Amino acid sequence: MKIIKPGKSSILIILILLASIFPVFTEDTSGIKSEIISEITIDDALKLAAQNSYRLKAARLKLETAKAGFAMDIRQFLPSLSLTFGNSDSVISGGADTYSNQLTVKLTQPITTGGRNYIHRTITEINLLLEKKQLDEQKFSLQNEVWKAFYKLLLNREKAELQKDAFGISRGQLKISELEQKQGSITELELLETEIEVKNLEVQIADTELTIKRLEYSLNKLLGLKTLKPLILKGEDLKEYRGINISGSPGKLYTAALNRNLDIKSLNFQLAKNKMEADLTKRRFLPAVNGEFSFSVSGNNFPLQTAHYGVGLSVSFPSAGSPVDLSFNYSEDSSGGRTRSSSTDISPFQDIKVYLNQRQAELAVMDADEKLKQFKKDLNFNIERAVESYLSLRKKILLKRESIALAIKRIAVLKKKLDLGELKRIDFLKERISLSEKGINYINDVFSLLMAERDIEKLAGLKPGMLKRYALRGLIN
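The numbering used here applies: residue 12 is where the sequence shown begins, and numbers increase by one.
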């Protein structure tokens, strides 16, 4: 055609595997200038539609924004800095009034969250992969629309050619019939029958031309072209297309589908996400630990003279049903004073349902795994049936070609009988129109064959035209 229980290292391995199995979406739209297009192949049409689609541009922008947000989230692993300035003014009855200022710098460094932050980040990255998959789905859907519009237009243009060819022959036969009627060789009724056949062809041509105008507008709209000038389509010659040999290919197509089918990608992502969430529930008793360092200066007047240094450690179990917060602090000041302190905060039975979360998460993993397995079985079955249907349709088309070849020979014989006066002209005309109709039915069947090819490509996650390329390279035979 021209046309699981991951730590930091295991989480990293999962991300690398996901990235390798599901490559980043890219496309090449270089070299296509929509304002100077006059003829186009199906490959050019697909690229141009992707290049000019507002929906895809908006989806790409949304994905890039989400990626930027993900990159910024690395901040949660880095130290946080806070600056605090305060002052107090106390008036004491019967005593000395006090006034003080204090400036504090505090640095907090997360030490561990029990692996929860890493898992949350992994889940966020899986969500990004799901968003990218949605972008791929939109592109895939657009490709299908463009492919169908391209070949529908090609079909109707070839249909119009066949109709006009039959109309031209019929007009010639009508002129001869008019002369024969004047000579008395045929009756007026026979002439009227010939005129009716010619008029019916004219009506059919008019209907087809209206359909062509509508399809040209639809295709130009999908391609993002402002011009209404008809495009020259460089695609398959439907009258000569015989399909491709894909016998023995279901197994190879299924293998391709495991890596390319968008629904399988989505189910794999969801399974990985559920496993991460299940692992998260198992870590509810692991503490989150933060280290703290503070420096402050205080005094009644500026510049502030008294310095304070402090270090601290906070330990919390925020995900448990009864959250516990522990803190340990030690500080010194410039005058030699030292302070040690600790505190414990327990909120018993704050969320009893938390103990059910692990079981629910495990059930979600089982459900996602079962859905994936069942989908793979269904996909394998659907590919096998689609290939069988395609081969049956291809066999039908090859038989129709032989039937049309015989019909052409029959027309040649009937023409001789007509010239010898052994056949009425109206009967010959009807036979000739019937041949034209067979040709139109044939290209309709070829279009159905191309649609069947596209259905197989969709099941296997292949781009339009890839099935034929694979067949020519011997990758699926």
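Quick reminder that beta carbons are idealized off the backbone N, C-alpha and C, glycines included.
This structure is a prediction, so every number in the text was calculated from the model and none was measured.
Ends of the beta strand (DSSP E) at residue i?
| i | result |
| --- | --- |
| S327 | T317 to F328 |
| I243 | I243 to K245 |
| N312 | Here N312 belongs to no beta strand (DSSP E), and DSSP marks it neither H nor E. |
| E251 | Here E251 belongs to no beta strand (DSSP E), and DSSP marks it neither H nor E. |
| I51 | E50 to T52 |
State the Cα-Cα distance for the pair residue i and residue j, rounded to the nearest angstrom.
| i | j | result |
| --- | --- | --- |
| A56 | S445 | 35 Å |
| V300 | D54 | 56 Å |
| E38 | R271 | Residue placement at E38 cannot be trusted, given a pLDDT of 41 that sits under 50; what the coordinates show is reported in the next sentence. Whole-angstrom Cα-Cα distance: 16 Å. |
| E448 | P241 | 26 Å |
| G348 | E373 | 54 Å |
| D362 | K73 | 36 Å |
| Q455 | L166 | What sits at residue 455 in the sequence shown is Asn, not Gln. Their backbone Cα atoms lie some 7 Å apart in a straight line. |
| E148 | R405 | 29 Å |
| K58 | T133 | 33 Å |
| T205 | K224 | 29 Å |
| T40 | Q62 | In this prediction, T40 has a pLDDT of 42, which is less than 50 and means its spatial position is unreliable; nothing more can be read from the coordinates. |
| L470 | L390 | 7 Å |
| S309 | T355 | 28 Å |
| G97 | P334 | 31 Å |
| D290 | L226 | 53 Å |
| V371 | K286 | According to the sequence displayed, residue 371 carries Gln and not Val. Answer to the nearest angstrom: the Cα atoms are 12 Å apart. |
| P329 | R71 | 37 Å |
| G302 | S346 | 25 Å |
| L434 | G450 | 23 Å |
| H319 | N368 | 45 Å |
| G259 | N279 | 27 Å |
| R168 | E220 | 8 Å |
| G485 | L264 | 12 Å |
| G476 | I415 | 27 Å |
| L473 | S152 | 12 Å |
| N312 | D100 | 12 Å |
| E288 | T266 | 29 Å |
| L440 | K426 | 10 Å |
| R127 | F360 | 22 Å |
| I243 | L230 | 12 Å |
Among the options, which one has its Cα closest to the Cα of residue i?
| i | options | result |
| --- | --- | --- |
| L3 | G235, P90 and D378 | The structure shown has nothing for residue 3, since the chain only spans 12 to 488. |
| R294 | I85, I130 and A77 | I130 |
| I255 | L402, A82, F313 and P90 | L402 |
| K143 | N128, D356 and A69 | A69 |
| R86 | P121, G97, L470 and L173 | P121 |
| L141 | T124, S277 and S188 | S277 |
| G323 | L297, P329 and S353 | S353 |
| E251 | L460, I137 and R71 | L460 |
| P298 | S305, G485, V326 and T292 | V326 |
| K237 | E468, S49, M462 and D176 | S49 |
| I137 | K284, Y110 and F360 | K284 |
| K170 | T109, E208, A160 and D218 | D218 |
| A463 | D438, L431 and I394 | I394 |
| N452 | L146, L173 and G432 | L173 |
| Q385 | L164, I275 and N231 | I275 |
| S111 | K426, D344 and Q316 | Q316 |
| E468 | F161, Q154, F81 and K232 | Q154 |
| A160 | S307, Y228 and A267 | Y228 |
| I216 | A177, Y162, P359 and E189 | A177 |
| G246 | V457, G472 and K420 | V457 |
| D344 | I51, T115, W158 and K163 | T115 |
| I257 | I437, A397 and V376 | A397 |
| A60 | E156, L410, K407 and K420 | E156 |
At which residues does the alpha helix (DSSP H) containing residue i begin and terminate?
| i | result |
| --- | --- |
| E206 | E199 to L234 |
| G262 | P261 to R271 |
| F96 | Per DSSP, F96 belongs to no alpha helix (DSSP H); it is in the beta strand (DSSP E), S91 to S101. |
| G80 | Y65 to M83 |
Please decide whether residue i counts as near chain D, where near means a Cβ-Cβ distance under 8 Å.
| i | result |
| --- | --- |
| S345 | Any reference to chain D falls outside this structure, which holds one protein chain only. |
Sequence ranges, alpha helix (DSSP H) only - wholly within the region 108-155, length at least 4:
Those alpha helix (DSSP H) runs which fall completely within the region 108-155 and span 4+ residues do not exist here.
Are three or more beta carbon pairs between the region 202-213 and the region 430-444 nearer than 8 Å?
In this structure the region 202-213 lies against the region 430-444, because at least three pairs of beta carbons, one per stretch, are closer than 8 Å.
Residue ranges of each beta strand (DSSP E) within the region 344-407, 3 or longer:
Within the region 344-407, the beta strand (DSSP E) runs of at least 3 residues that lie entirely inside it are, in chain order, 349-357.
What residue ranges within the region 414-485 form continuous alpha helix (DSSP H) runs of no fewer than 4 residues, ordered along the chain?
Qualifying alpha helix (DSSP H) stretches, in chain order: 436-471 and 477-483.
Could you tell me whether the region 476-487 touches the region 169-188, using the rule of 3 or more Cβ pairs below 8 Å?
Judged by Cβ distances under 8 Å, the region 476-487 makes no contact with the region 169-188, as fewer than three pairs qualify.
Any contact of the region 75-92 with the region 260-278, i.e. 3+ C-beta pairs under 8 Å?
The way I'd put it, the region 75-92 doesn't touch the region 260-278; fewer than three beta-carbon pairs between them come closer than 8 Å.
Is the region 114-128 touching the region 89-98, taking contact as three or more C-beta pairs under 8 Å?
Segment contact: the region 114-128 against the region 89-98, three or more CB-CB distances shorter than 8 Å; contact assigned.
What residue ranges within the region 279-310 form continuous beta strand (DSSP E) runs of no fewer than 3 residues, ordered along the chain?
The qualifying runs are 299-310.
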